[in-house]
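Below you'll find the structure, written out as structure tokens, and then a few comments.
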Amino acid sequence: MGTTLANLLPGERGKVTKITARGTLRRRLMDMGVITGETALVERVAPLGDPMKITVKNYCLSLRKSEAEHIAVERLRS
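Printed below as a string of structure tokens:
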């Protein structure tokens, strides 16, 4: 089932299927290791929903929810 990284809850994993961002945001996400085929784990979401702490390739990243909406993922079962 496809969704975006922004819709995953803490503890859920998703396999990146597409990055819809353009320009500098797309480049920044890819530089951080968020690329098609990688698995992202949502570690924590701030109380107001922003930012999200995720792990990709054993690196902890902090993303705004608006940035995470540009990352299409396939939810993975634990």
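If you read the sequence shown in this note's numbering, its first letter stands for residue -9, the second for the next number, and so on. We treat Cβ as the ideally placed atom computed from N, Cα and C, and that holds for glycine. Quick caveat, the model's predicted, so the values are computed rather than measured.
DSSP, read as helix, strand or coil, puts T45 in strand.
For I25, no pairing in a beta bridge is given by DSSP. Here M20 is exposed: its Cβ has fewer than 16 other Cβ atoms, across all protein chains shown, within 10 Å. Per DSSP, E57 is one residue of the alpha helix (DSSP H) stretching across K55 to A58. Put simply, the backbone Cα of E2 is about 25 angstroms away from that of R17.
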